[in-house]
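Going by this note's numbering, the first residue of the sequence shown is number 1, and it counts up by one from there.
Cβ coordinates follow ideal geometry from the N, Cα and C atoms, glycine included.
Predicted, not measured: the structure shown is a model, and the values here were computed from it.
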Amino acid sequence: MTATLTLIRPDDWHVHLRDGEGLRAVVADTARQFARAIVMPNLKPPVTSVAQAAAYRERILSALPAGSSFTPLMTLYLTEATTPGEIELASRSGWIHAVKYYPAGATTHSEAGARDLSHCREALGAMEALGVPLLIHGEVTDPDVDIFDRERVFIERHLIPLVQRYPRLKVVLEHITTASAVKFVLTAEDNVAATVTPHHLLYNRNALFQGGVRPHYYCLPVLKREEHRQALVRAVTSGNPKFFLGTDSAPHARSTKESACGCAGIYSAHAAIELYAEVFESAGALDRLEGFASHFGADFYGLPRNTARITLQRESWTVPAEHPFGQDTLVPLRAGEAVAWKLQAPI
Ligand code: DOR
Ligand code: ZN
């Protein structure tokens, strides 16, 4: 059995770093694992302007541990008021790399999101012309659609028309969860890709109800049936560059998850690359982890691949029951349980 695994340093193409005390509590986990990360803009208020993104970027850089070489890749939050001028400013900045679309009401802090992409035609046209990627939370918000079908229905109703209307727009369908999403991405042109989280690769919807309601497995899009998990594993281990790493690590205070109406989000930044290594190892595809984790995302975004390396050791360790998180705590994925791989400290 392989004992160590050396990879080009990976990047996380989808993370929530939060702000203030929360940011200071979590950013070191991401920075220890990843060289760069696409930082999601769903703060309160959302990061809708280049000026707000600049200030948020400074707060992230100041919260990093001394000596960290981590680079945050910033995003703007798409609203119905986003102008082509703001897109142009973002594109010229050199440090804003994408725009995120949250359908209004789809998830945490999505209230400011566009109600319909057809209300954002000018901004989308500018993004297509300037090569700014649109990152999509792909779920309909229609309460009549079953929660387990919301991704598939979004693809049918909104995504297929979108890629027809903007054939050169770079699109990342974020945190895909279904065989329908895999199929959509596979049949789309090369300017359409997807991120896949560790939790959607490791767990199916049974995890939400094992012996009782398990709020720490609740995220959006929600975990799906086993057949969908298997389709995701096949996609990421196939070596197809359209699928790359995006943890969607989304920390919430313990008290807000263990609640009568708990928040959506799974925290995985503490052990992300190790959890992905488990997935690839179980599929007999450890040799394909590096492409997924360290090459394909950078290639899609038109950024240079990293050159530094990390090493993982085949060594079981137990994830702490909780992490400090401001005045509260945070329950990480696999809390109190074993992870089979361990990231070695850089030499
Ligand atoms: O589970 C989720 N948590 N899904 C999202 O789309 C947002 C995220 C968050 O920000 O907490
Ligand atoms: Zn997210």
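Taking the alpha-carbon positions, what's the residue i to residue j distance?
i, j, result
"Tyr218", "Arg254", "13 angstroms"
"Ala179", "Ile160", "16 angstroms"
"Ser268", "Tyr203", "13 angstroms"
"Glu156", "Ala181", "10 angstroms"
"Gly286", "Phe296", "One point to set straight first is that residue 286 is Leu, not Gly, in the sequence displayed. Whole-angstrom Cα-Cα distance: 16 angstroms."
"Ile38", "Arg57", "11 angstroms"
"Phe34", "His270", "11 angstroms"
"His97", "Phe325", "28 angstroms"
"Arg59", "Ser49", "16 angstroms"
"Phe243", "Arg92", "27 angstroms"
"Glu128", "His137", "18 angstroms"
"Gly172", "Pro133", "Strictly speaking, residue 172 in this sequence is Val, with Gly absent from that position. The alpha-carbon atoms of Val172 and Pro133 are separated by roughly 7 angstroms."
"Gln52", "Phe280", "38 angstroms"
"Ala123", "Ile87", "7 angstroms"
"Val185", "Phe300", "14 angstroms"
"Glu337", "Ser282", "18 angstroms"
"Ala55", "Ala106", "26 angstroms"
"Val27", "Ala63", "7 angstroms"
"Gly196", "Thr177", "Looking at the sequence shown, residue 196 is not Gly but Val. So the two alpha carbons sit approximately 8 angstroms from each other."
"Ala321", "Gln164", "47 angstroms"
Candidates the options: which alpha carbon is nearest residue i's?
i, options, result
"Asp19", "Asn191, Ile155, Leu61", "Leu61"
"Ala104", "Arg115, Ile96, His14, Lys183", "Arg115"
"Ile266", "Arg36, Glu337, Tyr77, Val222", "Val222"
"Leu5", "Glu278, Glu139, Glu337", "Glu278"
"Lys224", "Ala235, Leu201, Gly239", "Leu201"
"Ala193", "Asp149, Asn240, Phe154", "Asn240"
"Arg121", "Glu58, Thr311, Ala81, Thr237", "Ala81"
"Phe70", "Glu139, Pro324, Asp29", "Asp29"
"Asp12", "Asn306, Leu330, Gln327", "Asn306"
"Val233", "Glu86, Ala335, Pro198, Thr2", "Pro198"
"Gln327", "Arg334, His252, Asp248", "His252"
"Pro167", "His158, Val185, Glu189", "Glu189"
"Arg36", "Cys261, Thr318, Val319, Thr247", "Thr247"
"Ala235", "Asn191, Val15, Arg288", "Arg288"
"Lys100", "Leu76, Phe209, Pro215, Ala231", "Leu76"
"Thr108", "His158, Thr256, Lys183", "Thr256"
"Gly302", "Trp95, Val15, Asn42, Leu17", "Trp95"
"Ser118", "Tyr102, Leu135, Ala90, Leu162", "Leu162"
"Ala340", "Thr318, Gln210, Thr329", "Thr318"
"His16", "Asn191, His216, Lys170, Ser249", "Ser249"
"Ser68", "Arg32, Leu169, Gly284, Arg165", "Arg32"
"His216", "Glu315, Leu330, Ala90", "Leu330"
Using the Cβ count rule (16 or more neighbours within 10 Å means buried), how would you classify residue i?
i, result
"Glu213", "Here residue 213 is Val; the residue named in the question, Glu, does not match the sequence. Val213 is exposed by the Cβ-count criterion."
"Asp142", "exposed"
"Thr187", "exposed"
"Glu174", "buried"
"Glu151", "buried"
"Cys263", "buried"
"Arg334", "buried"
"Leu130", "exposed"
"Asn206", "exposed"
"Lys44", "exposed"
"Pro72", "buried"
"Arg309", "exposed"
"Pro65", "exposed"
"Gly22", "buried"
"Thr2", "exposed"
"Ser110", "buried"
"Ala25", "buried"
"Ala90", "buried"
Apart from the five residues just before and just after residue i, which ones in its own chain have a Cβ nearer than 6 angstroms to its Cβ?
i, result
"Glu226", "Asn204"
"Arg229", "Asn204"
"Ala112", "Pro46, Thr79"
"Gln313", "Thr4, Lys342, Gln344"
"Val140", "Arg150, Val153, Phe154"
"Lys170", "Pro133, Asn191"
Which residues in the same chain as residue i place their Cβ atom closer than 7 angstroms to its Cβ, once the five residues preceding and following it in sequence are excluded?
i, result
"Ala293", "Leu7, Pro10, Leu245, Ile273, Tyr276"
"Ile147", "Val222"
"Ala126", "Pro84, Ile87, Glu88"
"Met40", "His14, Val15, His16, Thr75, Lys100"
"Glu258", "Pro215"
Closer than 8 angstroms by C-beta to residue i: which residues in its own chain qualify, once you throw out the five before and the five after it? Chain order, please.
i, result
"Pro304", "Ala298"
"Gly291", "Gly239, Pro241"
Can you find a CB in chain C that lies within less than 7 angstroms of the CB of residue i?
i, result
"Ser238", "This model lacks chain C altogether, as it is built from one protein chain only."
Q) Which runs of the beta strand (DSSP E) fall wholly inside the region 13-74 and span at least 3 residues, in chain order? A) 36-39
Q) What are the uninterrupted segments assigned as beta strand (DSSP E) that are 3 or more residues long and contained completely in the region 186-273, given in chain order? A) 192-196, 243-245
Q | 4-residue-minimum alpha helix (DSSP H) runs that sit fully inside the region 100-153, ordered along the chain | A | 121-130
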